[in-house]
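> Just dropping this structure here.
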Amino acid sequence: MAVKKKNSSNIQGVLVANAEIDNPLSLVVVFDTLPENNSKELTRLLRNYHSSMKQATCELVPELDFFGLAGWGKHVISMVGFKTPYPQESIEQCVAPAHYPQEVKEQVRATSANIILYYKGYDTSPLEQYVALAVVAGALSNMGAVAVLNESAHTSLPAGVFKSQELGKHSLEMLREGFPLTSLFCGFVKYEVEDIEGVWMRTYGADCFGLPDFAAHAQGHHEGQKYSDIFNNVLRYLLESGAEMAAGHTMQVGKTTFMKLRDPLDDEYYLQGAWNHISG
Numbered sequence: 000m001a002v003k004k005k006n007s008s009n010i011q012g013v014l015v016a017n018a019e020i021d022n023p024l025s026l027v028v029v030f031d032t033l034p035e036n037n038s039k040e041l042t043r044l045l046r047n048y049h050s051s052m053k054q055a056t057c058e059l060v061p062e063l064d065f066f067g068l069a070g071w072g073k074h075v076i077s078m079v080g081f082k083t084p085y086p087q088e089s090i091e092q093c094v095a096p097a098h099y100p101q102e103v104k105e106q107v108r109a110t111s112a113n114i115i116l117y118y119k120g121y122d123t124s125p126l127e128q129y130v131a132l133a134v135v136a137g138a139l140s141n142m143g144a145v146a147v148l149n150e151s152a153h154t155s156l157p158a159g160v161f162k163s164q165e166l167g168k169h170s171l172e173m174l175r176e177g178f179p180l181t182s183l184f185c186g187f188v189k190y191e192v193e194d195i196e197g198v199w200m201r202t203y204g205a206d207c208f209g210l211p212d213f214a215a216h217a218q219g220h221h222e223g224q225k226y227s228d229i230f231n232n233v234l235r236y237l238l239e240s241g242a243e244m245a246a247g248h249t250m251q252v253g254k255t256t257f258m259k260l261r262d263p264l265d266d267e268y269y270l271q272g273a274w275n276h277i278s279g
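In structure tokens:
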């Protein structure tokens, strides 16, 4: 498989990876059994995912279990498969705080194979890179995938969420604009801290977008949706506007709700890397 440094995913019909990406965004797709090494089937699934992807293609190395590239337009995704369970500690970090039924989480914990997806294309937008990764994960969901994990965000979702059949003909638009950032591309995690009343809630993975992570001290778990929505709206605003925020800044996020930012205190180990906001 060739490698080049141009703003295109293929040359003369051959997919090429971007050699200038040193630390690519990634997702992990876990399975009960590694899917068959079938580039024609994966190509078909990708081309059917969205009307703009009719030129999508996939190249898998025949001699290996599941290793190769998938791509369309500016996007190239590297796929590396393993017939072994993903490390249990990493799975737990992504599954325990995630927001879906416990019985599904147990299925994820019991998986015995995985494919790691790395973004190796030419689009410079982290959001577009994540959307492309989610598309390949969605195609793999039709090949037996159980869940999609984002280690950077400390979260995961059932793989079926990403099927084109679930998202409809506007699948790319749904992934880009309809999915809350805090559902997979950034994580939303709750912490109960000893000797502290209430629940701390924070994001993970916003740094992959060049944005800060946020945290808030909530009265209880019942405020989870409230803060997830606030964090998502603020992150989406920063992403789309290019605005910047820093400790000491205040921002109105509702009719009577404000965010006042501060850095974590030294003993707030559970907030490291995040800014706290105080509601009022």
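So for the sequence shown, numbering that gives the first Met the number 0 puts the first residue at 0; every next one is plus one.
Glycine included, C-beta positions come from ideal geometry on N, C-alpha and C.
Remember, predicted model here, so these are calculated numbers, not experimental data.
By Cβ distance, which residues of its chain are closer than 6 angstroms to Gly186, with the 5 residues on each side in sequence left out?
Numbered from 1 along the sequence shown, position 187 holds the residue referred to as residue 186. For Gly186, where only same-chain residues beyond five positions count, the Cβ hits under 6 angstroms are Ala152, His153, Thr154, Tyr203 and Gly204.
> List the endpoints of the continuous beta strand (DSSP E) containing Pro96.
Reading the sequence shown from its first residue, position 97 is the one you call residue 96. No beta strand (DSSP E) contains Pro96, which DSSP labels as neither H nor E.
> Considering Cα atoms alone, identify which of Asn141, Phe213, Val192 and Leu260 is closest to Arg43.
Translated into the one-based positions of the sequence shown, residue 43 becomes position 44. Restricting attention to Asn141, Phe213, Val192 and Leu260, the CA atom closest to the CA of Arg43 is found in Asn141.
> Assign Ser31 to one of three DSSP states: helix, strand, or coil.
Within the sequence shown, residue 31 is the residue found at index 32, counting from 1. Per the sequence presented here, residue 31 reads as Asp, with Ser not at that position. In this structure, Asp31 counts as coil in the three-state DSSP scheme.
> What residue range does the alpha helix (DSSP H) around Gly223 cover?
As a position in the sequence shown, residue 223 is number 224, starting the count at 1. Taken as a continuous stretch (DSSP letters only), the alpha helix (DSSP H) holding Gly223 covers Gly223 to Ser240.
> Compute the distance between the beta-carbons of Leu132 and Leu116, then report whether it is under 8 angstroms.
Within the sequence shown, residue 132 is the residue found at index 133, counting from 1. Within the sequence shown, residue 116 is the residue found at index 117, counting from 1. The answer is yes: Cβ separation under 8 angstroms.
> For Tyr118, which beta-bridge partners are listed by DSSP?
Stepping through the sequence shown from its first residue, residue 118 is reached at position 119. Partner(s): Ile76.
> For the structure I just gave you, are there three or more beta carbon pairs, one from the stretch 234-242 and one from the stretch 205-214, closer than 8 angstroms?
yes
> Should Val60 be labelled buried (16 or more other beta-carbon atoms within 10 Å of its own) or exposed?
For the purposes of this step, residue 60 is taken as the residue at position 61 of the sequence shown. The residue is exposed, with fewer than 16 neighbouring Cβ atoms inside 10 Å.
> Distance check for Gly177 and Pro100, CA to CA, integer angstroms please.
Counting from 1 along the sequence shown, the entry for residue 100 is found at position 101. Counting from 1 along the sequence shown, the entry for residue 177 is found at position 178. Going from the Cα of Pro100 to the Cα of Gly177 covers about 22 angstroms.
> Would Ile90 be called buried (16 or more neighbouring beta carbons within 10 Å of its own) or exposed?
Here residue 90 refers to the residue found at position 91 when the sequence shown is read from its first residue. With 16 or more neighbouring CB atoms inside 10 Å of its own CB, Ile90 falls in the buried class.
> Suppose you measure from the CA of Met0 to the CA of Val29; what does that come to, to the nearest Å?
If you number the sequence shown from 1, residue 0 lands on position 1. If you number the sequence shown from 1, residue 29 lands on position 30. Confidence in Met0 is poor, its pLDDT being 37 and thus under 50, which makes the residue's placement too unreliable to answer from.
> Quick check on Glu19: does DSSP put it in helix, strand or coil?
Against the sequence shown, residue 19 aligns to sequence position 20. Looking at Glu19 - three-state DSSP - the assignment turns out to be coil, as it is neither helix nor strand.
> Leaving aside the five residues before and after Asn248 along the sequence, list all residues of the same chain whose C-beta is less than 7 angstroms from its C-beta, in chain order.
The residue given as residue 248 occupies position 249 in the sequence shown. Before going on, a small fix: residue 248 reads as His here, not Asn. Excluding its 5 nearest sequence neighbours in each direction, His248 has C-beta neighbours in its own chain below 7 angstroms: Leu260, listed in chain order.
> Return helix, strand or coil for Gln251, following the three-state DSSP convention.
One-based indexing of the sequence shown puts residue 251 at position 252. Residue state, collapsed to three classes: strand.
> Can we say the stretch 120-140 touches the stretch 188-202, given the rule of at least three CB pairs closer than 8 angstroms?
no
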